[in-house]
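Enquirer: Using this note's numbering, the letters of the sequence shown correspond one by one to residues 849 to 935.
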Amino acid sequence: MHTAKIDLTLEPAGRHLAFSKDLLEVAHVFRRVGEASSWQRVAVNARSPYLDTDAFVPGTLLEYYVQHETQQGEPEARSHVVSTTVA
């Protein structure tokens, strides 16, 4: 399994996640709120870019990664984890 590219930028509306995705790949976006919590899938078969507009209190640590799968549901690639703290 190879590593997929992901970029996180902050916008007034939320967190903008841009990631690579081949035409036939399925991409799921995962988010973790704070280091002690578990990962949650927040977008199924997402398109890039994905904008997370959920509101969080200032100081909240947010982490994201993208999991790529084939059309048959086989894991194909995973991005590294990107993070930000809500201002």
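Don't be surprised by glycine CBs; every beta carbon is placed ideally from N, CA and C.
The beta strand (DSSP E) with Ser931 in it runs from where to where?
Expert: Translated into the one-based positions of the sequence shown, residue 931 becomes position 83. DSSP places Ser931 in the uninterrupted beta strand (DSSP E) bounded by 930-933.
Enquirer: Leu856 and Val929: beta carbons closer than 7 Å?
Expert: By one-based count along the sequence shown, residue 856 stands at place 8. By one-based count along the sequence shown, residue 929 stands at place 81. Not closer than 7 Å, so no.
Enquirer: Starting from the Cα of Pro923, find the closest Cα among Thr908, Val874, Lys853 and give me that residue.
Expert: Within the sequence shown, residue 923 is the residue found at index 75, counting from 1. Ranking the options by Cα distance to Pro923, first place goes to Val874.
Enquirer: Assign Leu865 to buried or exposed, taking buried as 16 or more other Cβ atoms, counted over all protein chains shown, within 10 Å of its Cβ.
Expert: The residue you call residue 865 lines up with position 17 of the sequence shown. Buried: at least 16 other Cβ atoms inside 10 Å.
Enquirer: Contact defined as beta carbons within less than 8 Å: I believe Ala861 pairs with Leu899. What is the distance between those atoms, to the nearest angstrom?
Expert: Taking the sequence shown and counting its residues from 1, the one referred to as residue 861 is at position 13. Taking the sequence shown and counting its residues from 1, the one referred to as residue 899 is at position 51. That pair is a contact at about 6 Å.
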